[in-house]
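Visitor: If you read the sequences in order, they're chains V, A, P and R.
Just remember that this note's numbering sits 46 ahead of the position in the first sequence, which is counted from 1.
Just remember that this note's numbering sits 43 ahead of the position in the second sequence, which is counted from 1.
With this note's numbering, letter number 526 in the third sequence gets 525, and the count goes up by one each step, no holes.
Just remember that this note's numbering sits 22 ahead of the position in the fourth sequence, which is counted from 1.
Ideal placement from N, C-alpha and C gives every residue a C-beta, glycine not left out.
Pasting a structure below so you can have a look.
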Amino acid sequence: MSASVKPIANTRSGTGIPTARLITWWVIASEIVIFGGLLASYIMHRIGHPEWADSAAHTNTWAGAFNTFVLLTSSLFAVLAHKAADAHDGPKAAKLLRLTSLGGLIFLIVKGFEWTADIREGFVLSSGGFWQFYYTLTGLHGLHVLAGMIIMLVVASDAAKNQELQRVECIGLYWHFVDIVWIFLFPLLYIAR
Amino acid sequence: MATEAHVQHPNYVKIWGILVVLLVVSVLGSMTHIRNVVLIAAFGVAVVKAYLVAKNFMHVTIEKRWVPYLLIVCLLFVVILFAGVSPDVMKHSGLHWSNPSANAPAQPGAAAAHE
Amino acid sequence: MSTEVQHAEPGIFQKYFFSTDHKIIAMQYLFTGMAMALIGGFFAYVFRMQLGFPNQHVPGYGIVTPGKYNALVTMHGSIMIFWVAMPVLIAAFGNFLIPLMVGCDDMAFPRINRLSYQIFLASALILLASFLVKGGAFGGAWTAYPPLSASGAYNLTPAGAVLWLLAVALEFVAFLLGGINFTVTTMNSRAPGMKMYDIPLVVWMIVLASVIFMCSAGPLIAGAVMLLFDQTMSTGFYDPTRGGDPLLWQHLFWFFGHPEVYVVLLPAMGIVAEIVAVFARKKIFGYKTVLYTTWAVGFLSFVVWAHHQFVAGIDPRMANIFSVTTLLISVPITEMVFLYIATLYGGSIRLDTPMLWALGFIAEFMIGGVTGIFLGSSSTDIYLHDTYFVIAHFHYTFVPIAIIAVYAGLTFWYPKMFGRMLNEKLGKIHFWGTVIPFNVIFIPLFITGTAGDQRRIYSYAQFAEQSRPALQHLRTTSTIALLFMLAFQLVFLFNSFWSLRHGRRAEANPWRSSTLEWTVPSPPPHGNFAELPTVYRGPYEYGLAGCAEDFAPQNVPDAALAEGVKV
Amino acid sequence: MLERYLTAASTYAHWIDYQFLLIAALVGFWLIVAEGAMFWLIFKYRAKDGRPTQYITGEEKHLARWITIPHLLVILCDIVIIVPAILVWYNIKQAMPPADETVRVIGQQWAWSFQQAGPDGVMDTADDIRTVGELHVKVNTTYHFELMSRDVVHSFAVPAFRLKQDALPGRTIIGWFRPNRVGTYDIQCTQMCGIGHGLMAGRIIVETPQDHAAWLMRNANPAAAAGLQVAPAPAGNEATAVAEVRR
């Protein structure tokens, strides 16, 4: 079945929310509990271990702040892409989406430099304590950024041809969610000490 | 089938500006090294930022009502998880039990925890 | 995007392995689940033989060593829950029924659906592959408590433990994808006119089960990532010598593990609701109340998890809270069962094979339900926790769910799935041959449990109290009953394969049921409905006045009812 | 009722047994009522020619009563069960009667080892008695136990005492029991702890005060001066104990 042939099931909208956006909300809901479980585990350990603050002091607040800025800006592009898609301007939406994934790329590059610096200092995943949570949380989040970028580029290539414009909003929603996760990771990992 | 224009698009750049200002506030707040200021700057601001993104970028407030409810219920489950687990994991001693290894991983000898 | 798109007949490989048709995917899940059930059943046979006739050569397997015994019980539990109950009850029935019952041509996202099955198949293969690696399959119980599961030095199955965890994690991903798809399809793709309370209960329950799964599995997915790192990257999330906490896993596991019980229970309850309504020719007694109790159960299932951990080293004060919530959840579940029984009142009950299975489910599940009270009450759980009483209790819930209700569903929808009727006589032999041995297996285990038999122990020879001959007789009885029960499953296998060719051809609506899946030919063609239906009423309108038949199909307008239904 | 299946040898064994009986009576009643109602309805409303089915939604007041009233009774029964359940739990796991003696119970793959004070009555002194697989206790004496694990999760279960508590590595968990019947009772590990789980047996020997004193004198070991502290040491330190369980 080619992508252009959709079942009628896909085109109905019993809830009043288009099917694509509906599934995006459910994906976000399930992601909330995944990140929530990991964050809850981290927070309760962190409160129980005040000494982890010493490890947290090694993280680079400026790099974290810069990355927050990058993600916020990319979120702006994503929502502008949604606006463009609403105006049926596919090529513009595609351009903005590509800018958004460029933001993701910058984010990952900065993250990579951070990890390299941390590892050079001898803090690795198996260092235990704070560091195992630091790498797991940022790693899981980084994977989401990466996945979002790839999907976004695919959506952008369709949007450039004015196809599947409803997907622009959906990938945007997902991207904002990833942004919100980072909004909480930033103080939890970089500021609280 | 394009999405129907269901939102009045607000001025996104302005909201982005507010978010960036908030980011600066939280970073500056963390420089004070005063515990309460840092905590508010870090987490209070994070909640505000998350709300702004959810409201203005994700449009949850004008989505069908049950969508924000769904997200809140999922958050609630995480809170329930936290409430049920933290008495055991966050604390290192309780009624008739203690977790000496969590306090001092390398220290030998387990202190008995009498109430 | 419309009905005039002609679906070209694909090649056989394309049709059966890479199809996006929900019915084919349902069959893939069904047959994979059934194959896994055979494997899980074989494991049960092997370790029951070891318990019934200790340290003797088990025909078809050999000598059961302690390590192999542990691996067998671990894999029996994991397979039966994750690779039998979930794929068959949720994925197979969900995939087959949801588009048909809500009146649309396919799932909302057919390719995500296909991906879900492919991931599921990969997870099953990974699990089976773990028997072939060095050290053998994981033997740390399906709960996989660390540090045992986290360290190869403790469990002696380093590769098996990693593969087990990977398989479970992949299975979760498959069911997240599938479950979200079910939910979205039911919410958005219903036939015109089908309002919230016109959705058949089985669809409701499969969707709610998917939602419960989605909300509860997240923390365990996070926990599985942590455990995987503990196993392979020498982190110490659960290692107490390095500041970790083994209790964290237990909490994350049971935060998922308890809702999981309801994830598999609800679809079974839904299947039974459909069948009871059809064969009693009755509207479900208090359809909305059934739904409200389902929601209550779904929510409460998130706040009871620590009753699995009363004596696991959690703070004893927490046990009181969880004991209260656990007894609280008995309230909506009891109400739901009462409503099912009340549905029989005033009916015209025909005891065909599907109905026997459905009534068998209710009768047996009640035993499982009431014995749960012993375990939810914290003080008796001190004694009964991890004994055979627990095993007997949850098999009295899981066997009705994963075996009895599945047979109910299969015998009921077999004509729709394959276009032939099953043989009634063989079906009844199979029913009694399954249900009677089932009770003979597990009632003795209640007794050995209260007599102090602890779980997962491969031989009781070294325990003076447990090696009393009377207890051994009970264990042997249970094992022999299991042999009978397994043997009678051959009747079903024969019946289903024989009927595939020689069964009476099924008309569209052999049971005279009112839901939408019976308005299409058996088996339904690709695309399901020649003309997409419109819904005019709820799913269980039996015995409606002013109606030529004793049932009113959902898709027939009021005006046409009096003229009778063309079956 | 439970004593027919297994001896009750501690003071709180009977509390649990009575709670078991209470639940058995209540849920047994409901089970019989519900199953009875179901089979009666199946029989009464079996398909008969000329008797059409009735159209009932379940929202009729006079019929819904048949659900509502049993439903309220079930809630009542739940309360009747939960109150004593919590009381018994409180008395076993939360309230802690003053200890006459203390023992340290250590689980490891795959044996139970025990440490108790020698004749001087003080723990962690040179004459402490350490045993593997066998715990000797005095009848009618309140014991506190300190439960630890050296490696993985174990569970210290003495079915005859109706006692069960998991041993977690890194944690020390305190509990109590008061044996009231002389005899030898099994200890089972009830938490999957590796390939030797099924072999991880132990015995509790409840003795009269005289026998116990004699045992103490026989086994007091002044030579065991070194290494008094029992630590929940990292895995692998105690290879000897593993060898002992294979004796």
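When you compare the CB of residue 247 (chain P) with every CB in chain V, is at least one pair closer than 7 Å?
Guide: Locating residue 247 (chain P) in the third sequence gives position 248, counting from the first residue. Yes, residue 247 (chain P) counts as interfacial toward chain V.
Visitor: On the criterion of 16 or more Cβ atoms from any shown chain inside 10 Å, does residue 492 (chain P) qualify as buried, or is it exposed?
Guide: Here residue 492 (chain P) is taken as the residue at index 493 of the third sequence, counted from 1. When all chains shown are included, residue 492 (chain P) counts as exposed.
Visitor: In the DSSP assignment, the alpha helix (DSSP H) including residue 207 (chain V) goes from what residue to what residue?
Guide: As a first step, residue 207 (chain V) is located in the first sequence; it is residue number 161 there, counting from the start. Looking at the DSSP string, residue 207 (chain V) is not in any alpha helix (DSSP H), and its letter there is neither H nor E.
Visitor: Identify which residue in R:182, R:75, R:166, R:73 has its Cα closest to the Cα of residue 195 (chain R).
Guide: Indexing the fourth sequence from 1 puts residue 195 (chain R) at position 173. Closest by alpha carbon: R:166.
Visitor: Using CA atoms only, rank isn't needed, just tell me which of P:58, P:111, P:125, P:477 is closest to residue 77 (chain P).
Guide: As a first step, residue 77 (chain P) is located in the third sequence; it is residue number 78 there, counting from the start. Nearest C-alpha to residue 77 (chain P) among P:58, P:111, P:125, P:477: P:125.
Visitor: Is the separation between the beta-carbon of residue 520 (chain P) and that of residue 505 (chain P) shorter than 7 Å?
Guide: The sequence position of residue 520 (chain P) within the third sequence is 521, counting from 1. The sequence position of residue 505 (chain P) within the third sequence is 506, counting from 1. For residue 520 (chain P) and residue 505 (chain P), no; Cβs fall outside 7 Å.
Visitor: Check the Cβ-Cβ distances between residue 96 (chain R) and every residue of chain P, and say whether any is below 7 Å.
Guide: Looking up residue 96 (chain R) in the fourth sequence gives position 74. Output row for residue 96 (chain R): interface = yes.
Visitor: For residue 129 (chain A), which residues in chain R fall below 8 Å Cβ to Cβ?
Guide: Position 86 of the second sequence holds residue 129 (chain A). Here the premise fails: no neighbours, minimum Cβ distance about 16 Å.
Visitor: Looking at the unbroken beta strand (DSSP E) that takes in residue 127 (chain R), where does it start and where does it end?
Guide: Residue numbering aside, residue 127 (chain R) sits at position 105 when the fourth sequence is read from its first letter. Residues 123-130.
Visitor: Can you grab the Cα-Cα spacing for the pair residue 169 (chain A) / residue 129 (chain V), in whole Å?
Guide: Chain A is shown from 44 up to 158; residue 169 (chain A) falls before or after that span and cannot be answered.
Visitor: Taking the alpha helix (DSSP H) that residue 225 (chain R) falls in, what are its first and last residues?
Guide: Residue 225 (chain R) sits at position 203 when you count from the first residue of the fourth sequence. Per DSSP, residue 225 (chain R) belongs to no alpha helix (DSSP H); it is in the beta strand (DSSP E), 223-229.
Visitor: Let me know if residue 55 (chain P) comes out buried or exposed under the rule of 16 or more other beta-carbons within 10 Å of its beta-carbon.
Guide: As a first step, residue 55 (chain P) is located in the third sequence; it is residue number 56 there, counting from the start. With fewer than 16 other Cβ atoms inside 10 Å of its own Cβ, residue 55 (chain P) counts as exposed.
Visitor: Spatial neighbours of residue 58 (chain A) within its chain, please: CB distance less than 8 Å, with the 5 preceding and 5 following residues excluded, ordered by chain position.
Guide: The residue labelled residue 58 (chain A) in the question sits at position 15 within the second sequence. Within the same chain, residue 58 (chain A) has close Cβ partners 95, 99, 100.
Visitor: Which whole-angstrom value describes the C-beta separation of residue 170 (chain P) and residue 182 (chain R), a residue pair presumed to lie in contact below a C-beta threshold of 8 Å?
Guide: What you label residue 170 (chain P) is simply residue 171 of the third sequence in a count that begins at 1. What you label residue 182 (chain R) is simply residue 160 of the fourth sequence in a count that begins at 1. In fact, because the Cβ distance is near 41 Å, the residues do not count as touching under 8 Å.
Visitor: Count Cβ pairs between the region 290-300 of chain P and the region 428-448 of chain P that sit closer than 8 Å; are there 3 or more?
Guide: no
Visitor: Can you name the residues of chain R whose CB is closer than 9 Å to the CB of residue 49 (chain P)?
Guide: Indexing the third sequence from 1 puts residue 49 (chain P) at position 50. One finds nothing in chain R with a Cβ atom closer than 9 Å to the Cβ of residue 49 (chain P); even the nearest lies about 10 Å away.
Visitor: Can you grab the Cα-Cα spacing for the pair residue 221 (chain P) / residue 79 (chain V), in whole Å?
Guide: Residue mapping note: residue 221 (chain P) aligns to position 222 of the third sequence, counting from 1. Residue mapping note: residue 79 (chain V) aligns to position 33 of the first sequence, counting from 1. Using only the alpha carbons, I get a separation of about 9 Å.
Visitor: Is the beta carbon of residue 310 (chain P) closer than 7 Å to that of residue 187 (chain R)?
Guide: Here residue 187 (chain R) corresponds to residue number 165 of the fourth sequence, with the count starting at 1. Here residue 310 (chain P) corresponds to residue number 311 of the third sequence, with the count starting at 1. Yes.
Visitor: Residues of chain P with CB closer than 8 Å to the CB of residue 12 (chain A), please, in chain order.
Guide: Outside the displayed range of chain A (44 to 158) lies residue 12 (chain A), so it cannot be described from this structure.
Visitor: Please check if any C-beta of chain V sits within less than 7 Å of the C-beta of residue 199 (chain P).
Guide: Residue mapping note: residue 199 (chain P) aligns to position 200 of the third sequence, counting from 1. Not one chain V Cβ lies under 7 Å of residue 199 (chain P).
Visitor: Anything in chain V within Cβ reach of residue 80 (chain A), meaning under 7 Å, just list it in chain order.
Guide: Locating residue 80 (chain A) in the second sequence gives position 37, where the first residue counts as 1. Those within 7 Å of residue 80 (chain A) in chain V number zero; the least Cβ separation is about 11 Å.
Visitor: Give a yes or no on whether the minimum CB-CB distance between residue 93 (chain R) and chain P is below 7 Å.
Guide: Here residue 93 (chain R) is taken as the residue at index 71 of the fourth sequence, counted from 1. At least one chain P Cβ lies under 7 Å of residue 93 (chain R).
Visitor: Can you tell me whether residue 178 (chain R) is helix, strand or coil according to DSSP?
Guide: Counting from 1 along the fourth sequence, the entry for residue 178 (chain R) is found at position 156. Three-state result, residue 178 (chain R): strand.
Visitor: Which runs of the alpha helix (DSSP H), 4 residues or longer, sit entirely within the region 422-507 of chain P?
Guide: Whole alpha helix (DSSP H) segments, 4+ residues: 423-449, 468-501.
Visitor: Assign residue 101 (chain R) to buried or exposed, taking buried as 16 or more other Cβ atoms, counted over all protein chains shown, within 10 Å of its Cβ.
Guide: The residue given as residue 101 (chain R) occupies position 79 in the fourth sequence. That one is exposed.
Visitor: Beta-carbon within less than 6 Å of residue 209 (chain P)'s beta-carbon, same chain only, minus the 5 sequence neighbours each way: which residues are those?
Guide: Position 210 of the third sequence, counted from the start, is the residue given in the question as residue 209 (chain P). The answer, listed in chain order, is 178, 181, 182.
Visitor: So residue 139 (chain A) contacts chain V; which residues on that side make the cut at Cβ distance below 8 Å?
Guide: Taking the second sequence and counting its residues from 1, one reaches residue 139 (chain A) at position 96. Scanning chain V for C-beta atoms nearer than 8 Å to the C-beta of residue 139 (chain A) yields nothing, as the closest lies near 19 Å away.
Visitor: Starting from residue 162 (chain P), trace the beta strand (DSSP E) in both directions and tell me its first and last residue.
Guide: Residue numbering aside, residue 162 (chain P) sits at position 163 when the third sequence is read from its first letter. Looking at the DSSP string, residue 162 (chain P) is not in any beta strand (DSSP E); the run it does join, the alpha helix (DSSP H), is 157-187.
Visitor: Look up residue 191 (chain R) in the DSSP assignment and say whether it is helix, strand or coil.
Guide: As a position in the fourth sequence, residue 191 (chain R) is number 169, starting the count at 1. Of the three classes helix, strand and coil, the one that applies to residue 191 (chain R) here is strand, per DSSP.
Visitor: Using a Cβ-Cβ cut-off of less than 7 Å, list which residues of the region 310-326 of chain P approach chain A; keep chain order.
Guide: 312, 313, 314, 315, 316, 317
Visitor: When the Cα of residue 139 (chain V) is compared with those of V:108, V:199, V:102, which residue comes out closest?
Guide: Position 93 of the first sequence, counting from 1, holds the residue named residue 139 (chain V). Measuring from the Cα of residue 139 (chain V), the nearest candidate turns out to be V:199.
Visitor: Which residue marks the beginning of the alpha helix (DSSP H) containing residue 13 (chain P), and which one marks its end?
Guide: What you label residue 13 (chain P) is simply residue 14 of the third sequence in a count that begins at 1. 11-16 is the span of the alpha helix (DSSP H), which, as asked, contains residue 13 (chain P).
Visitor: Going by DSSP, which residues form a beta bridge with residue 419 (chain P)?
Guide: In the third sequence, counting from the first residue as 1, residue 419 (chain P) sits at position 420. Its beta-bridge partners are P:504.
Visitor: Excluding the 5 residues flanking residue 86 (chain P) on each side, which residues of the same chain have their C-beta closer than 7 Å to its C-beta?
Guide: Within the third sequence, residue 86 (chain P) is the residue found at index 87, counting from 1. Once the five neighbours on either side are set aside, the close Cβ partners of residue 86 (chain P) are 28, 31, 32, 119.
Visitor: Rounding to the nearest angstrom, what Cα-Cα distance links residue 89 (chain A) and residue 257 (chain P) in this structure?
Guide: On the second sequence, residue 89 (chain A) is found 46 positions in, with the first residue counted as 1. On the third sequence, residue 257 (chain P) is found 258 positions in, with the first residue counted as 1. Their backbone Cα atoms lie some 33 Å apart in a straight line.
Visitor: Is there a Cβ of chain R sitting closer than 7 Å to that of residue 136 (chain A), yes or no?
Guide: In the second sequence, residue 136 (chain A) corresponds to position 93, counting from 1. Not one chain R Cβ lies under 7 Å of residue 136 (chain A).
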